[in-house]
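Asker:
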Amino acid sequence: MQYEAPESVEAAVRLLSGGGPRGRVLAGGTDLLVQLRAGVITPQLVVDIKRIRESREIREEDGMLVVGAAVTGAELGEHARAKSMWPGVVESAELIGSTQIQGRASLGGNLCNASPAADTVPALVAAAAECRVAGPNGMRRVPVEDVCTGPGQLSLGDGEFIVAFELAAPPPGSADAYLRFIPRTEMDIAVVGAGVNLSLDESGRCTAARVALGAVAPTVILAEEAGAALVGTECDDSAMEAMVAAVRAACRPIDDKRGTAEYRTKVAGVLATRAARIAATRAREAR
Amino acid sequence: MAAQNGGTTNGGTRWIGTRPVRPDGVDKVTGRARFGADLHLPNMLVGKVLRSPHAHARIRSIDTSAALALPGVKAIVTRDDFDDLPSEFVPAGEMLINYRDVVRNVMAREKALFEGHPLAAVAATSEKVAKEALDLIRVDYEVLPHVLDIDEAIAPDAPLLHEDMITAGVEPPPSAPSNVAKVVEFAHGDVEAGFAEADVVVEREFSTQPVHQGYIEPHSCVASFAEDGQAELWCTTQGHFVVRGHCAKLLGMEVSKLRVTASEIGGGFGGKTVVYLEPLALALSRKSGHPVKMTMSREEVFRASGPAPGTWARVRVGVTKDGRITAGEAELKYQAGAFQGSPVQPGCMCAFAPYDLEHVKVTGYDVVVNRPKVAAYRAPGAPQSEYAVESIIDELAKRIGMDPVELRLKNAAREGTRAAYGPTFGPIGLVETLEAARSHEHYRAPLAPGRGRGVASGFWFNIGGETCATLNLGEDGTIALVAGTPDIGGSRAALCLQTAEALGVDVEKIRPLIGDTSTLGYTFLTGGSRTAFASGLAVIEASKDMIGQLCERAAKIWNIPVDAVEWADGEARPAGANAGEFDPLTLADLAGVAGKTGGPIVGRAQINAQGAGPSFGTHLVDVDVDRETGRVTIERYTVIQDAGKAVHPSYVEGQLQGGAVQGIGWALNEEYVYDEYGRLQNPGFLDYRIPVCSDVPMIDTVIVEVANPTHPYGVRGVGETPIVPPMAAIANAVEGALGIRFTDLPMSPPRVLKALEEAHIPEAAD
Amino acid sequence: MARAHVITTVNGDPVEFLCDTEQTLLDVLRDELHLTGSKEGCASGDCGACSVIVDGRLVCACLMLGVEAQGHSIETIEGMAGGDRLHPLQTKFLEHAALQCGVCTPGFLVAAKSLLERNPDPTETEVRYWLAGNLCRCTGYDKIVRAVLDAAQEMRGG
């Protein structure tokens, strides 16, 4: 296995599109190393992106938050500005694994591991985050929900990798929240995850809402009708009930070792409600 | 009588009941302690195991030629490298072992009987080469239908694991083979007459899932065979003498040619009482001429080392309105895994042990299934059967409107009670634990709305057995203590304390060591809760032996008869007519002149310890339940247990706390998930879900001390009993919170939510 | 293929080693540098027995390649005691009997040290969540949590 740690985006792209065996991108490594060890993957080339500045920094560009793909959960959690702008995204990143995992695991890795149960992805999708994807043809922007096409499947082309995530400045009266359900208090993979991002006007009426769900379909899904159920309401109980119905209708889960389809569908509604309430409270406080 | 956390109870003794830092402590906090995988030898090879991907398959052929041709591969062993052994049960320590099954469990012969069953082992110059070699071994399988659960296994047309297995314990013996290895029964009185006296009879069926011991250190060993047929084995085990016996038998060796050293052991809980890798590593070392190290991955630990059995139980108990239990009956079926020998017998014996019953009948079935052969796990067999009984006791208490502790007290076994499994109890502490529970602040504390509180009791026999110990007196009066029971949780401290007490010397003067199999006579393993008791008795006997020699030396120096010398407070004193005539001689004084008075002084003991006092416990637990997700949270937990005498109270508390938390995992989340092909889907800590630090509260402990009369300081084993009550205590608490009785473990969130939905009006138009 | 040459710092000392690129930092520590205090309990980041500190961050050595250590600073259990003096956490683990078998102990100590460096006065809940990635099957965690809280108090000068 060839290991490379390029120091620029261009060098990484050259390695990844070099015409040799398709390389694997290494960020935090908390999924990649487990797969390596288990023999699930046997890459001939691993490209470590942690020495690339753009992948490792958190910065604001014109009010927009740009988070490097290899920024760790712990670093994001310690970033006060990120936390105040996108508390749901930050809390989703902080939920990945243990303290030890937090010291390594990244947004980019969490997305590109392409698990439907990834914690940060529903939060990023709810936040309408976009990826900066570098490749042989330069940089392009891809909405987070378009990156994964199925379990373990990515839409990225040969030589492409995610450099960073863009999160727009949230409008006034907006906030997000993310919740997941696990059987224990820590260390489990989400059985269900729910990210909600909403905006309230001065009167407390919801003007926009995005609800994204994890572990209830082959990929993280944006439940557009669930968001729509909240828009125009004051996020009261009946609006929540309508949202729950839309959430459950959007779920297409499977039975597996982590939960039954029936259970996932039920709990997706519970978590979406709880996350929406938190987001609404935060949005009111943000006004 | 009862010591709360932090207290000591050393009334009347100087060392017993104190809390010194354990003698092996510094090594364990600095990373120096050497565990199974920490030994590196020159020229050492790495051994890896090829395991069956099928739950049940006939093995037509194994072709290792391509693997052997790989550069770096030094040896491969398969079934052909182990002689078959006849099917007979032979004693090994206190256990009965059928080596026909042991040899097949470590290396499949005719068939692979579970996913993960070893088929071949490779020794190579690196792990990478060894893994590559595994991929080159060709196995021709005939895949067979498999059975994972008891219902499937006992169905009339079930696939048979062992085509020649005729159920034992049934008269007349069945004519056809089946997957039921054995039927056992324990009964006295007339249960139907007893049920006729009852005002309320409750009968329910229960099930539990297999659970893994979950020790953090995987199995690991290093074997080194010399050309003259002598071998050394370093391994992580609860009993190196037992390992020696098994390996010698499987390799056709004399036991004296195999020296086994127990490494520090990173947890076992019963799971490191059998051999897996050790015979393979020895065979590879013999064949290659190199030392061979073998270590299981975590995945291999889950797929191929013993869990505790999954079980099914039907239990029926009757009670009068005033709270007298009139009869108890249970039918218990235990999964044995791929080979017979589940702990169904102790499960049957323990089921009703906490109660004084006139009429009792328990029938047990040992059922083979295509899962790894079960291994001991803390109080083997007891948690499953007592869970069922203690759940029903709770229900009966509710039905007759009696406090559940009162109902237990009213029927509790006490000294003189004929145990449900036969013998009559000596002094035991069940009543004392129940009284301590009833008066505990936890039991009387107000309960927040929506929460539930549960109580349950538990029992385990405890054992003694063959045990040796040596005390080597150094020339400065310090002592090297050699014991043969691996120290799994602080027992070296407990042995030093008992030695210090018996000799009357400072505990700091004693340095303990777990000797290898050549340094002591046969010593049975650490398990059954026997080490503090049996190795304790051995060091006390060895101390007496040493005191006898010390008194002889003093008599010689003083030129008085030896019976005119007494040993007190760590020194020899002239007694009787000579009292006060000479200055006392301390241990150090006598040690310093040993060479002139007769030579080195060594205290020895070799005993077969009898009279291990049973231990009873009672647990209290408060739970909260998230009614929307089904998650159960443990809010408060108290363990009350009779320790006989707590030698080192901190480590007794630790046993109670650790056992309770293992029980919490068993009750709430731990289970094996298999796919339709009989392949394990959750062979890792991530999805097996043992409790993590944030899952549990502080675990309060109350140590009750009802002395065991067969031990000079009253010691009883404490390690097993604490895992017995938690499952029922938590189920009883969940019932208190929700009004729903759970009879299937684990009470995982999907199960709890489903039960909540079934118990309530379905949500409208969902 | 040729082994990689890595220059790093372990417990304050400059260290060079050769490793296969597939080897994890844990493999390197245990098999190449013979620092066997870090334990392998799972090799998947689920047990914390191999916890080490890399540039001040707590990580699982099994989830990092040996080659990734290039230019970084690694602290292991072997560097925790200073000279002949135990770290207060080590002393408190002994006093509180916060270990039974001891195989998880190095990982817990390294993780707890990392916690107290960031948060000298943690609550019980903070201790429990910080240590949730370290599995202990023996103790039920009670005495470990008490030992960490007691060490924190002592280190604050209480």
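Chains as they are written, first to last, in this note's numbering: chain S, 43 to 329; chain R, 106 to 871; chain P, 7 to 164.
C-beta: ideal position from N, C-alpha, C; glycine also.
1. Could you give the distance in angstroms between the alpha-carbon of R/D333 and the alpha-carbon of R/N203?
2. Any idea what DSSP makes of R/K438, helix, strand or coil?
3. Just to check my reading of the structure: R/R556 and R/A834 have Cβ atoms closer than 8 Å, yes? What is that Cβ distance to the nearest angstrom?
4. Under a three-way DSSP split, which group does R/Y381 fall into?
5. Could you tell me the alpha carbon to alpha carbon distance between R/A443 and R/V379, rounded to whole angstroms?
6. Is R/Y782 buried or exposed, if buried means 16 or more other CB atoms sit within 10 Å of its CB?
7. Taking the alpha carbon of R/V151 as the reference point, which residue from R/K377, R/L387 and R/N774 has its own alpha carbon closest?
8. Can you find a CB in chain P that lies within less than 8 Å of the CB of R/Y756?
9. Which whole-angstrom value is the C-beta distance of R/G589 and R/C601, which I expect to be below 8 Å?
10. If we ignore side chains and look at the alpha-carbon of each, how far apart do R/Q318 and R/F407 end up?
11. Kindly list the residues whose CB is nearer than 8 Å to the CB of S/L196, restricted to its own chain and excluding five residues on each side of it in sequence; keep chain order.
12. Counting only C-beta atoms, is P/L95 closer than 8 Å to chain C at any point?
13. Would the beta-carbon of R/M270 fall within 8 Å of that of R/P282?
14. Look up R/A229 in the DSSP assignment and give the residues it is bridged to.
15. Counting only Cβ pairs nearer than 8 Å, list the residues of chain S close to P/M70.
16. Since R/D882 is in the beta strand (DSSP E), which residue starts that stretch and which ends it?
17. Nearest-angstrom Cα distance between S/Q142 and R/A864?
18. Can you tell which of R/A292, R/G433 and R/R127 has the C-alpha that lies nearest to the C-alpha of R/K614?
19. I'd like to know if P/P112 contacts chain R, where contact means its C-beta is closer than 8 Å to some C-beta of that chain.
20. Within the continuous beta strand (DSSP E) that includes R/G569, where are the two ends?
21. Beta-carbon within less than 8 Å of R/Q321's beta-carbon, same chain only, minus the 5 sequence neighbours each way: which residues are those?
22. Mind listing the chain R neighbours of P/H78? Cutoff is C-beta to C-beta under 9 Å, in chain order.
23. How about S/Y45: is its C-beta nearer than 8 Å to some C-beta of chain P?
24. Contact check, S/L313 vs S/V234 under 8 Å by CB: the rounded distance?
25. Looking at chain P, is there any beta carbon in it that lies within less than 8 Å of the beta carbon of S/Q142?
26. Quick one: complete alpha helix (DSSP H) runs, 4+ long, within the segment 661-746 of chain R?
27. Among R/E758, R/P323, R/T169 and R/S312, which has the Cα closest to the Cα of R/S410?
28. Where do the N-terminal and C-terminal ends of the beta strand (DSSP E) with S/S197 fall, by residue?
29. S/E228 touches chain R at which residues, Cβ-Cβ below 7 Å?
30. I'd like to know if S/L78 contacts chain P, where contact means its C-beta is closer than 8 Å to some C-beta of that chain.
31. Quick check: the Cα distance between S/G115 and S/N152, rounded to an integer number of angstroms?
32. Measuring straight from C-alpha to C-alpha, what distance separates S/T72 and P/E132?
33. Locate the alpha helix (DSSP H) running through S/G130, then write down its first and last residues.
34. Ends of the alpha helix (DSSP H) at R/W771?
35. Do the segment 840-858 of chain R and the segment 568-583 of chain R touch if we need at least three Cβ pairs shorter than 8 Å?
36. Please go through the same chain and pick out, in chain order, the residues whose beta-carbon is closer than 6 Å to the beta-carbon of R/D168, but skip the five residues on each side of it.
Answerer: The relevant details are as follows:
1. The residue labelled residue 333 of chain R in the question sits at position 228 within the second sequence. The residue labelled residue 203 of chain R in the question sits at position 98 within the second sequence. Spanning the two alpha carbons is a distance of roughly 29 Å.
2. Translated into positions along the second sequence, residue 438 of chain R becomes position 333. Of the three classes helix, strand and coil, the one that applies to R/K438 here is strand, per DSSP.
3. Here the question's residue 556 of chain R lines up with position 451 in the second sequence. Here the question's residue 834 of chain R lines up with position 729 in the second sequence. About 14 Å separates the two Cβ atoms, so there is no contact after all.
4. Here the question's residue 381 of chain R lines up with position 276 in the second sequence. In the structure shown, R/Y381 sits in coil (DSSP, three-state: anything other than H, G, I, E or B).
5. Along the second sequence, one-based indexing puts residue 443 of chain R at 338. Along the second sequence, one-based indexing puts residue 379 of chain R at 274. In a straight line, the C-alpha of R/A443 is about 15 Å away from that of R/V379.
6. Taking the second sequence and counting its residues from 1, one reaches residue 782 of chain R at position 677. With fewer than 16 other Cβ atoms within 10 Å, it is exposed.
7. Translated into positions along the second sequence, residue 151 of chain R becomes position 46. Checking every option, the nearest Cα to that of R/V151 belongs to R/L387.
8. Position 651 of the second sequence, counted from the start, is the residue given in the question as residue 756 of chain R. Answer yes: the Cβ-Cβ gap between R/Y756 and chain P drops below 8 Å somewhere.
9. In the second sequence, counting from the first residue as 1, residue 589 of chain R sits at position 484. In the second sequence, counting from the first residue as 1, residue 601 of chain R sits at position 496. R/G589 to R/C601, Cβ: 15 Å. No contact.
10. Here residue 318 of chain R is taken as the residue at index 213 of the second sequence, counted from 1. Here residue 407 of chain R is taken as the residue at index 302 of the second sequence, counted from 1. R/Q318 and R/F407: Cα-Cα distance of roughly 9 Å.
11. Taking the first sequence and counting its residues from 1, one reaches residue 196 of chain S at position 154. Around S/L196: C154, A156, V189 and C190.
12. In summary, chain C is missing from the structure at hand, where the protein chains are S, R and P.
13. Position 165 of the second sequence, counted from the first residue, corresponds to residue 270 of chain R. Position 177 of the second sequence, counted from the first residue, corresponds to residue 282 of chain R. It is a contact, given that the beta carbons lie within the stated cut-off.
14. For the purposes of this step, residue 229 of chain R is identified with residue 124 of the second sequence, where counting begins at 1. According to DSSP, R/A229 bridges with R/V151 and R/V178.
15. Taking the first residue of the third sequence as 1, we reach residue 70 of chain P at position 64. Residues of chain S with a Cβ closer than 8 Å to the Cβ of P/M70 are, in chain order, G71, L75 and R146.
16. Residue 882 of chain R lies beyond the range of chain R shown here (106 to 871); nothing can be said about it.
17. For this step, residue 142 of chain S is matched to residue 100 along the first sequence. For this step, residue 864 of chain R is matched to residue 759 along the second sequence. Each residue's Cα considered, the two are about 41 Å apart.
18. Within the second sequence, numbered from 1, the residue matching residue 614 of chain R stands at position 509. For the residues R/A292, R/G433 and R/R127, the minimum Cα distance to R/K614 belongs to R/R127.
19. In the third sequence, counting from the first residue as 1, residue 112 of chain P sits at position 106. Closer than 8 Å to some Cβ of chain R, the Cβ of P/P112 qualifies, so yes.
20. For the purposes of this step, residue 569 of chain R is taken as residue 464 along the second sequence, with counting starting at 1. R/G569: not part of any beta strand (DSSP E); DSSP gives it neither H nor E.
21. For this step, residue 321 of chain R is matched to residue 216 along the second sequence. Contrary to the premise, residue 321 of chain R reads as Ile rather than Gln in this sequence. Around R/I321: G371 and G372.
22. As a working mapping, residue 78 of chain P is identified with position 72 in the third sequence. Chain R residues near P/H78: none, gap ~20 Å exceeds 9 Å.
23. The residue given as residue 45 of chain S occupies position 3 in the first sequence. Nearest CB-CB separation between S/Y45 and chain P: below the 8 Å threshold.
24. One-based indexing of the first sequence puts residue 313 of chain S at position 271. One-based indexing of the first sequence puts residue 234 of chain S at position 192. The pair is a contact, with the Cβ atoms about 6 Å apart (cut-off 8 Å).
25. In the first sequence, the residue the question calls residue 142 of chain S occupies position 100. Interface criterion met: the Cβ of S/Q142 is under 8 Å from a Cβ in chain P.
26. 692-697 and 699-702
27. Here residue 410 of chain R refers to the residue found at position 305 of the second sequence. Comparing Cα-Cα distances from R/S410 to each of R/E758, R/P323, R/T169 and R/S312, the minimum goes to R/P323.
28. By one-based count along the first sequence, residue 197 of chain S stands at place 155. Where S/S197 is concerned, there is no enclosing beta strand (DSSP E), given that its DSSP letter is neither H nor E.
29. Numbered from its first residue, the first sequence carries residue 228 of chain S at position 186. Result: V797 and S799.
30. For the purposes of this step, residue 78 of chain S is taken as the residue at position 36 of the first sequence. So yes, S/L78 belongs to the interface.
31. As a position in the first sequence, residue 115 of chain S is number 73, starting the count at 1. As a position in the first sequence, residue 152 of chain S is number 110, starting the count at 1. Distance between the alpha carbons of S/G115 and S/N152 is about 10 Å.
32. As a position in the first sequence, residue 72 of chain S is number 30, starting the count at 1. As a position in the third sequence, residue 132 of chain P is number 126, starting the count at 1. In a straight line, the C-alpha of S/T72 is about 23 Å away from that of P/E132.
33. Translated into positions along the first sequence, residue 130 of chain S becomes position 88. That run of the alpha helix (DSSP H) goes P129 to E136.
34. As a working note, residue 771 of chain R is residue 666 in the second sequence. Note, R/W771: alpha helix (DSSP H), P754 to L773.
35. The segment 568-583 of chain R and the segment 840-858 of chain R do not touch, with fewer than three beta-carbon pairs separated by less than 8 Å.
36. For the purposes of this step, residue 168 of chain R is taken as residue 63 along the second sequence, with counting starting at 1. Its chain contains R243 as the residues whose beta carbon lies nearer than 6 Å to that of R/D168, once the 5 sequence neighbours on both sides are disregarded; these appear in chain order.
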